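Protein chains in written order, with the numbering used here: chain U, 58 to 172; chain F, 14 to 126.
Beta carbons are placed, not taken as given, at the ideal position from N, Cα and C, and that holds for glycine.
All figures in this text were calculated on a predicted structure; none of them were measured in a lab.
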Amino acid sequence: DTGVSQDPRHKITKRGQNVTFRCDPISEHNRLYWYRQTLGQGPEFLTYFQNEAQLEKSRLLSDRFSAERPKGSFSTLEIQRTEQGDSAMYLCASSSSRGSKNIQYFGAGTRLSVL
Amino acid sequence: KQEVTQIPAALSVPEGENLVLNCSFTDSAIYNLQWFRQDPGKGLTSLLLIQSSQREQTSGRLNASLDKSSGRSTLYIAASQPGDSATYLCAVLVGGTASKLTFGTGTRLQVTL
């Protein structure tokens, strides 16, 4: 168990560019979540996968955002035509549907800065 | 819509003091409540999880309580240490085991020597 891994840890981009982040969940976890956290705020839910199916999306996830989990393992979050308001920490979490607790384990996050 | 509030927003205490962090939520129909720790620029570390049927959980110097009917939880830290300095977030899970977490804005704790 190596924990939830996110790559890159930091990304600086210019407004209008596209960026893609990757999340590798804990290997036996079938659920994967994306959250966004801005400075001084708690994380806010973006989207959730069970296996390869995207089951829920927040209204925060505009048309410029897309997330995939093609084989039910790692996931990618892409932001097209980035805006300065997209600057935030993007956190990934995973959990298992086995058992009753649904403890979500978080990665270290990807910090995005849009100039 | 579930809203989670944490008070105080920031707290500074001298080393060795016991302290209490507060969390309140508006919808009592929660599945569980978690307390997390976040160090600056880092991800979240789960500290304690309380199921909706439980009233408290303990881990070392940490004790978390839950009063679902009043929509409140507290995190008690005994004998605080400088290494406890971090932001503490509470989050509730609503709508079954597969649902999303709703977070508070956190309490930033500084423990001074």
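Practice item. Return the CA-CA distance between F:ASP40 and U:ARG79, expressed in angstroms with no decimal places. Key: 33 Å
Exercise for review: Can you give me, in chain order, the residues of the region 91-125 of chain F that have a beta carbon less than 7 Å from any beta carbon in chain U?
Suggested key: LEU102, LEU106, THR110, ALA111, LYS113, LEU114, PHE116, GLY117, THR118, GLY119
Exercise for review: Label U:GLN141 either buried or exposed according to how many other C-beta atoms from any shown protein chain fall within 10 Å of its C-beta, with 16 as the threshold for buried.
Suggested key: exposed
Check your understanding: How would you label F:LYS113, buried or exposed, when you count the other beta carbons within 10 angstroms and need 16 or more for buried?
Key -> buried
Review point. Can you tell which of F:ARG50, F:TYR44, F:TRP48, F:GLY56 has the C-alpha that lies nearest to the C-alpha of U:TRP91?
Key: F:GLY56
**Study point:** Nearest-angstrom Cα separation, counted from F:ARG85 out to F:CYS103
**Key:** 11 Å
Review point. Between U:PHE131 and chain F, is there a C-beta pair that is closer than 7 Å?
Key: no
Check your understanding: Which residues, taken in chain order from the region 102-113 of chain U, show a beta carbon closer than 8 Å to some beta carbon of chain F?
Key -> PHE102, TYR105, GLN107, LEU112, GLU113
Check your understanding: Can you give the beta carbon distance from U:ALA145 to U:GLN94, rounded, assuming they're within the 8 Å contact cut?
Key -> About 6 Å separates the two Cβ atoms, so the contact holds.
Practice item. Kindly identify the DSSP beta-bridge partner or partners of F:PRO21. Key: Beta-bridge pairing links F:PRO21 to no other residue.
Check your understanding: At a Cβ cut of 8 Å, what residues of the region 27-40 of chain F count as close to chain U, listed as they run along the chain?
Key -> none
Exercise for review: Would you tell me roughly how many angstroms separate the C-alpha atoms of F:GLU16 and U:ARG66, rounded to the nearest one?
Suggested key: 29 Å
Point to revise | U:HIS86 versus U:GLY73, U:PHE122, U:GLY129, U:SER123, residue with shortest Cα-Cα distance | key: U:GLY129
Check your understanding: Under the three-state reduction of DSSP, which class applies to F:PRO27: helix, strand or coil?
Key -> strand
Exercise for review: Please confirm if U:GLY142 has its CB atom under 7 Å from at least one CB of chain F.
Suggested key: no
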